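*Asks:*
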Amino acid sequence: MDKSEKDIITCPLCNYEFDKKESQNSCANCPLNKKDCGLMRCPNCGYEFPEINDKGLMERIKNIFKNEKNKRDNE
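Numbered per the working numbering, the sequence shown spans residues 3 to 77.
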């Protein structure tokens with residue numbers, strides 16, 4: 003069975019692609035786990051972010067992090 007593109011999440015911080023269920027597994031010990039908090043947690047880096055289906059917004063967020071990193075690297 004092919005995974006739906008809708009179920010694949012890309013972390014805006016580390017670009018790791020993971021299945022939505024992996025995020026849910028990493029939230030098992032969270033006190034908000036019993037409610038749908040609307041956040042995703044990257045199983046690779048642990049970054050927590052809102053679930054957003056807008057790829058353009060994700061690209062803008064990624065660019066903000068890249069720009070900040072570049073500023074720090076150039077100082």
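Virtual Cβ for every residue (Gly too), placed ideally from N, Cα, C. Treat the numbers as computed from the prediction; the structure is a model and nothing was measured.
Going by the DSSP bridge assignment, what does D21 pair with across the sheet?
*Replies:* Counting from 1 along the sequence shown, the entry for residue 21 is found at position 19. Per DSSP, I10.
*Asks:* On the DSSP bridge list, what partners appear for F51?
*Replies:* For the purposes of this step, residue 51 is identified with residue 49 of the sequence shown, where counting begins at 1. Answer is M42.
*Asks:* DSSP three-state label for E77, please.
*Replies:* Locating residue 77 in the sequence shown gives position 75, counting from the first residue. Looking at E77 - three-state DSSP - the assignment turns out to be coil, as it is neither helix nor strand.
*Asks:* Within 10 angstroms of the Cβ of I66, are there 16 or more other Cβ atoms? Answer buried if so, exposed if not.
*Replies:* In the sequence shown, the residue the question calls residue 66 occupies position 64. Classification for I66: exposed.
*Asks:* P52 to D75, Cα distance in whole Å?
*Replies:* By 1-based counting over the sequence shown, the position of residue 52 is 50. By 1-based counting over the sequence shown, the position of residue 75 is 73. Distance between the alpha carbons of P52 and D75: 28 Å.
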